[in-house]
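Asks: I'd like to ask some things about the structure below.
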Amino acid sequence: MLTMIPKQARERLKDIYPQDAISHQAEDLVAYGFDAAAIAPESAPEMVAFPTETGQISATLKLANEFGFPVTARGAGTGAVGAAVPVHKGLALVMTRMNRILEIDRDNLTALVEPGVVTGKLQEEVEKLGLFYPPDPSSLHVSTLGGNVAMGSGGPRAVKYGVTRDYVLGLEVVFADGSIVATGAQTMKSVVGYDLTRLMVGSEGTLGIVTRIRLRLIPKPETVMTATASFAQVSQAARAVAAITSARIIPCALELMDRGSVEAVEKLLQAGLPAASLLLIETDGPKEQASMEMSRIEGILREHGAEGVKTASTRKDRDLLWKARRSMSQATSRMAPNKINEDVTVPRSRIPDLISRLEALSEKTGAPIISFGHAGDGNMHVNILTDKRDEKRYAQALKTVEDVFRITLELGGTLSGEHGIGLAKAKYIESEIGERGVEIIRAIKKLFDPNNILNPGKIIPE
Ligand SMILES: Cc1cc2nc3c(=O)[nH]c(=O)nc-3n(C[C@H](O)[C@H](O)[C@H](O)COP(=O)(O)OP(=O)(O)OC[C@H]3O[C@@H](n4cnc5c(N)ncnc54)[C@H](O)[C@@H]3O)c2cc1C
Numbered sequence: 013m014l015t016m017i018p019k020q021a022r023e024r025l026k027d028i029y030p031q032d033a034i035s036h037q038a039e040d041l042v043a044y045g046f047d048a049a050a051i052a053p054e055s056a057p058e059m060v061a062f063p064t065e066t067g068q069i070s071a072t073l074k075l076a077n078e079f080g081f082p083v084t085a086r087g088a089g090t091g092a093v094g095a096a097v098p099v100h101k102g103l104a105l106v107m108t109r110m111n112r113i114l115e116i117d118r119d120n121l122t123a124l125v126e127p128g129v130v131t132g133k134l135q136e137e138v139e140k141l142g143l144f145y146p147p148d149p150s151s152l153h154v155s156t157l158g159g160n161v162a163m164g165s166g167g168p169r170a171v172k173y174g175v176t177r178d179y180v181l182g183l184e185v186v187f188a189d190g191s192i193v194a195t196g197a198q199t200m201k202s203v204v205g206y207d208l209t210r211l212m213v214g215s216e217g218t219l220g221i222v223t224r225i226r227l228r229l230i231p232k233p234e235t236v237m238t239a240t241a242s243f244a245q246v247s248q249a250a251r252a253v254a255a256i257t258s259a260r261i262i263p264c265a266l267e268l269m270d271r272g273s274v275e276a277v278e279k280l281l282q283a284g285l286p287a288a289s290l291l292l293i294e295t296d297g298p299k300e301q302a303s304m305e306m307s308r309i310e311g312i313l314r315e316h317g318a319e320g321v322k323t324a325s326t327r328k329d330r331d332l333l334w335k336a337r338r339s340m341s342q343a344t345s346r347m348a349p350n351k352i353n354e355d356v357t358v359p360r361s362r363i364p365d366l367i368s369r370l371e372a373l374s375e376k377t378g379a380p381i382i383s384f385g386h387a388g389d390g391n392m393h394v395n396i397l398t399d400k401r402d403e404k405r406y407a408q409a410l411k412t413v414e415d416v417f418r419i420t421l422e423l424g425g426t427l428s429g430e431h432g433i434g435l436a437k438a439k440y441i442e443s444e445i446g447e448r449g450v451e452i453i454r455a456i457k458k459l460f461d462p463n464n465i466l467n468p469g470k471i472i473p474e
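Our numbering numbers the first residue of the sequence shown as 13 and each following residue consecutively.
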């Protein structure tokens with residue numbers, strides 16, 4: 013049974029943390045009570061702690077177990093499903109002060125980091141050494157590596173390079189009883205027992221707190237080529253995406269933005285994008301290979317009705333295109349008082365079916381839907397524009413979410429490609445993994461965290 017943080021535990025927390033690393037000021041409680049999910053409820057924690065050492069976290073979890081109060085870890089709060097929202101109050105454990113890059117091992121191509129390191133910061137540092145850390149959520153200038161690990165995050169480059177999970181070699185984790193365990197290894201492979209590292213990735217702070225991360229790096233690709241293609245119809249763009257994959261070309265990024273999302277970002281940035289549906293494509297690697305792949309892709313784009321194919325010739329042009337793409341979430345948020353953002357994923361060949369069924373759904377229900385995303389790996393961010401103040405319209409939008417999920421599963425897809433389950437999708441998880449799947453997740457949670465102190469209320473419905 014979870015409780016509020018009792019007075020005695022508050023006093024003991026003050027012994028664990030220096031004065032400037034613990035707070036119950038109203039402004040902190042408000043600031044750590046929500047994340048980037050539009051449909052998750054806000055819920056302020058009772059206290060906030062900013063650990064700088066693993067030992068503090070271990071002592072905190074022992075205390076939480078003794079008194080039965082909840083602890084919710086938090087990185088930058090950019091999560092899109094309410095995973096960092098402390099719905100049962102308790103303590104918010106803000107990991108952003110554990111932000112050191114401890115080692116970049118140039119001989120073994122690995123990095124050891126603390127969880128509060130900002131994703132883009134690690135990328136910058138390794139690239140200075142000719143190395144590359146591919147996972148690149150569009151939030152990379154803000155999100156933390158600990159958050160990326162906890163959510164199993166992806167990004168545009170996942171189409172070629174895979175997601176965060178594919179780069180995590182090992183972790184240091186503090187489990188609910190305060191024990192500190194090293195999972196995985198610093199070697200490129202290891203099969204010693206069950207794969208606790210993979211279990212932790214995507215566990216959304218419900219099984220343990222990640223305090224160190226050993227990541228695999230790869231050599232930095234020699235060149236990158238970037239192009240955009242505009243289409244009168246989003247269905248043409250979707251067919252071009254499927255055709256690129258079936259032609260056995262794996263670009264480094266293959267992003268689709270429908271006309272609504274392009275218009276939204278134009279309003280925000282005036283980036284000079286055409287009023288059309290767009291594909292943003294990158295190839296990388298040795299110069300000859302990148303340019304050969306790009307010219308094959310251009311041929312496919314034209315065959316599928318691309319009206320204009322434009323190559324970014326300068327770094328500035330490329331940066332502007334990516335700025336536009338990375339601003340999509342923010343830009344589409346401005347198109348209505350509220351939006352519900354889903355990140356459904358289908359087998360790559362089914363992207364055209366997904367797009368046409370979403371168009372039909374929007375027409376049938378009248379709920380405006382704007383879609384953009386990592387189409388190259390089948391992952392689309394489907395944004396349903398709505399207004400919470402208008403009860404009828406909001407109910408319709410929530411019903412539309414269910415329809416989007418049904419369509420996704422019918423197409424052989426999955427409810428989340430990268431944003432996770434958190435609060436927002438907990439009630440739908442059974443529709444994908446079944447009753448027995450949910451039972452097994454519950455049993456794993458119980459084993460790791462018998463008193464349910466770690467981020468309660470997430471992933472599985474209560
Ligand atoms: C504009 C925008 C673009 C985005 N683009 C993408 C994208 O392209 N791809 C993608 O995958 N996601 C994307 N996201 C979602 C989000 O950025 C990712 O889920 C990200 O990994 C969250 O990191 P964070 O540091 O903000 O974590 P938070 O939101 O603070 O926390 C997320 C979860 O991680 C847990 N957690 C945090 N740190 C730890 C830790 N050290 N130990 C254990 N648990 C921990 C929290 O309890 C919570 O459950 C986007 C979000 C925004 C706002």
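The beta carbon of each residue, even a glycine, is placed where N, CA and C say it ideally should be. Every value quoted in this text rests on a predicted model; they were computed, and no experiment measured them.
#1: Is Leu195 near ligand 1 - that is, is its Cβ less than 7 Å away from at least one heavy atom of it?
#2: Which runs of the beta strand (DSSP E) spanning at least 3 residues fall entirely within the stretch 330 to 399, listed in chain order?
#3: Checking the sheet assignment: what are the DSSP bridge partners for Phe243?
#4: Give the DSSP-derived three-state secondary structure of Lys322 in the structure shown.
#5: Sorted by chain position, which residues of the same chain lie with C-beta nearer than 7 Å to Tyr440's C-beta, five sequence neighbours on each side aside?
#6: According to DSSP, simplified to helix, strand and coil, what is Gly449?
#7: With a threshold of 16 other CB atoms inside 10 Å of the CB of Ala9, please say whether the residue is buried or exposed.
#8: Specify the secondary structure class of Leu41 as computed by DSSP and reduced to three states.
#9: Any beta-carbon of chain B closer than 8 Å to the one on Glu319?
#10: Regarding Gly166 and ligand 1, is the C-beta to nearest heavy atom distance less than 7 Å?
#11: What residue from Gln282, Arg362 and Ser368 has the CA that sits closest to Lys335's CA?
#12: Identify every residue that forms a DSSP beta bridge with Pro231.
#13: Considering just the uninterrupted stretch of the beta strand (DSSP E) at Leu124, what are its terminal residues?
#14: Can you round the beta-carbon distance between Val213 and Val180 to whole angstroms, since I take them to be within the 8 Å contact cut?
#15: Should Val130 and Ile113 be called a contact, given that it needs their Cβ atoms to be closer than 8 Å?
#16: According to the Cβ coordinates, are Leu291 and Leu313 closer than 8 Å?
#17: Going by DSSP, which residues form a beta bridge with Met237?
#18: Assign Ala343 to buried or exposed, taking buried as 16 or more other Cβ atoms, counted over all protein chains shown, within 10 Å of its Cβ.
#19: Taking 7 Å as the cut-off, does the CB of Arg86 come closer than this to any heavy atom belonging to ligand 1?
#20: Which parts of the stretch 174 to 203 are runs of the beta strand (DSSP E), unbroken and 3 residues or longer, counting only runs that do not cross its ends?
#21: Among Gly166, Pro233 and Glu315, which residue has its Cα nearest to the Cα of Ser242?
#22: By how many angstroms is the C-alpha of Ala318 removed from the C-alpha of Cys264?
#23: Within a Cβ cutoff of 7 Å, which residues of the same chain sit near Val394, ignoring the five residues on either side of it in sequence?
#24: Can you give me the start and stop residues for the beta strand (DSSP E) that Val106 sits inside?
#25: Would you mind giving the Cβ-Cβ distance between Ile367 and Ser247, rounded to the nearest angstrom? I have them listed as a contact below 8 Å.
#26: What would DSSP say about Glu115, mapped onto helix, strand or coil?
#27: For Glu267, which three-state DSSP category applies?
#28: Using 8 Å as the threshold, is the C-beta distance between Glu93 and Ile456 below it?
#29: Under 8 Å between the Cβ atoms of Val450 and Ile352?
#30: With respect to the alpha helix (DSSP H) encompassing Ala61, which residues constitute its N-terminal and C-terminal limits?
#31: Have a look at Met306 and Arg224 and give me their C-alpha separation to the nearest angstrom.
#32: Whether or not the stretch 255 to 263 and the stretch 147 to 163 are in contact is what I'm after, with contact meaning three or more pairs of Cβ atoms, one per stretch, closer than 8 Å; do they touch?
#33: CB-CB under 7 Å to Asn160, same chain, minus the five flanking residues each way: which ones, in chain order?
#34: Cutting at 8 Å between CB atoms, please list the residues of its own chain near Asp399, excluding the five before and the five after it.
Replies: On the basis of the coordinates in this document:
#1: Residue identity differs from the one stated: residue 195 is Thr in this sequence, not Leu. No; taking the cut-off as 7 Å, the Cβ of Thr195 has no heavy atom of ligand 1 nearer than that.
#2: Listed in chain order, they are 350 to 354, 381 to 386 and 391 to 398.
#3: Ser289
#4: strand
#5: Closer than 7 Å at the Cβ level, and outside the excluded window around Tyr440, lie Phe417 and Leu427.
#6: helix
#7: The structure shown does not extend to residue 9, since the chain is modelled only from 13 through 474, so no value can be given for it.
#8: helix
#9: Looking at the structure shown, chain B is missing, and only one protein chain is on hand.
#10: yes
#11: Comparing Cα-Cα distances from Lys335 to each of Gln282, Arg362 and Ser368, the minimum goes to Gln282.
#12: Beta-bridge analysis with DSSP links Pro231 to Leu143.
#13: Thr122 to Val125
#14: 6 Å
#15: no
#16: yes
#17: Thr295
#18: buried
#19: Yes.
#20: 180 to 187 and 192 to 196
#21: Glu315
#22: 20 Å
#23: Cβ contact annotation for Val394 (same chain, cutoff 7 Å, sequence separation greater than five): Glu354, Val356, Leu370, Ile381, Ser383 and Val416, in chain order.
#24: Leu103 to Val106
#25: Taking a contact as a CB-CB distance under 8 Å, the pair Ile367 and Ser247 counts as one, their CB atoms being some 6 Å apart.
#26: strand
#27: strand
#28: Note on residue identity: the sequence assigns Val, not Glu, to residue 93. The answer is no: Cβ separation not under 8 Å.
#29: no
#30: Not the alpha helix (DSSP H): Ala61 falls in the beta strand (DSSP E), residues Met59 to Ala61.
#31: 38 Å
#32: no
#33: Thr131, Pro147, Pro149 and Thr176
#34: Ala348, Pro349, Asn350, Arg405 and Tyr406
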